[in-house]
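Take a look at the structure below.
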Amino acid sequence: QQQVKQSPQSLIVQKGGIPIINCAYENTAFDYFPWYQQFPGKGPALLIAIRPDVSEKKEGRFTISFNKSAKQFSLHIMDSQPGDSATYFCAAPPYGNNDMRFGAGTRLTVKP
Amino acid sequence: EAGVTQFPSHSVIEKGQTVTLRCDPISGHDNLYWYRRVMGKEIKFLLHFVKESKQDESGMPNNRFLAERTGGTYSTLKVQPAELEDSGVYFCASSTMPGTEAFFGQGTRLTVV
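Those protein sequence lines, which keep their order, are chains G and U.
Start counting at 1 in the first sequence, then tack on 30, and there's your number in the working numbering.
Start counting at 1 in the second sequence, then tack on 980, and there's your number in the working numbering.
Written out as structure tokens, the structure reads:
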């Protein structure tokens, strides 16, 4: 069932570093690419999302880069902080639907 | 505005028992989804309700799982009888429309022993 492949599984960076998390999808019907952030004991929360008509979207320190031809998208966290330590999931739902296909998650640790 | 709430937050049951999980979506959200995450794996789609109707239940693992949403408000997910492989975190999410932001509950951690 997995149609979204996410890497790496875990990532450790120093404060101020720029962690990059990558996702690759298979189904070309996908047209909405959200990233979710999850803290322990909480449910995933939408962080940032992009549609395929643009190649990049920035919201604060978070940037999504999207490569439609390669069917890949990535999350960059600028000037990472210890408070960014969480599990990040990429997802891609088929058009007009929300039965999203999630990646396996990336556990990010930002060291002080 | 209250978010999506799930009950219980944790449940430990023995193999063969029955467990019922509950989800209260955000008021006014017609779309309700159930997902499951098994340790270290991706979050897998189980089921999508639009109001009280099952829009898509292609992710339900087998007939031991029964989801309902009577009246189009809260939803329940019953597992009967539970097996060891049913252990995981069950998430519920709701949205106003498909293809828009889905709001997740905190999840129910189910452990079958």
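Ideal placement from N, C-alpha and C gives every residue a C-beta, glycine not left out.
- A Cβ-Cβ separation of about 4 Å places residue 94/G in contact with residue 80/G under the 8 Å criterion.
- Against chain G, a Cβ distance below 8 Å from residue 1021/U picks out 134.
- Look at residue 1050/U here: in three-state DSSP terms it is helix.
- A direct Cα-Cα distance of roughly 5 Å separates residue 1048/U from residue 1056/U.
- Distance from the Cα of residue 50/G is smallest, within the candidate group 89/G, 57/G, 42/G, for 42/G.
- Looking at 84/G, 72/G, 90/G, 85/G, the one whose alpha-carbon comes closest to that of residue 118/G is 72/G.
- Between the alpha carbons of residue 1041/U and residue 1026/U lies a distance of about 8 Å.
- Among the residues of chain G, none has a CB under 8 Å from the CB of residue 990/U; the nearest is roughly 10 Å distant.
- Under the three-state reduction of DSSP output, residue 1068/U falls in the strand class.
- Under the Cβ criterion of 8 Å, residue 76/G is counted among the residues facing chain U.
- Within the model, the alpha-carbon separation for residue 1085/U versus residue 111/G is close to 25 Å.
- The beta-bridge partner set that DSSP reports for residue 76/G consists of 66/G.
- Per the DSSP secondary-structure output, residue 1091/U pairs in a beta bridge with 992/U.
- In the three-state DSSP reduction, residue 83/G falls in the coil class, being neither helix nor strand.
- Here residue 1016/U is bridged, per DSSP, to 1024/U, 1070/U.
- In summary, the residues of the region 984-1008 of chain U whose CB is separated from some CB of chain G by less than 9 Å are 984, 986, 989, in the order they occur in the chain.
- Under DSSP, residue 116/G forms a beta bridge with 138/G.
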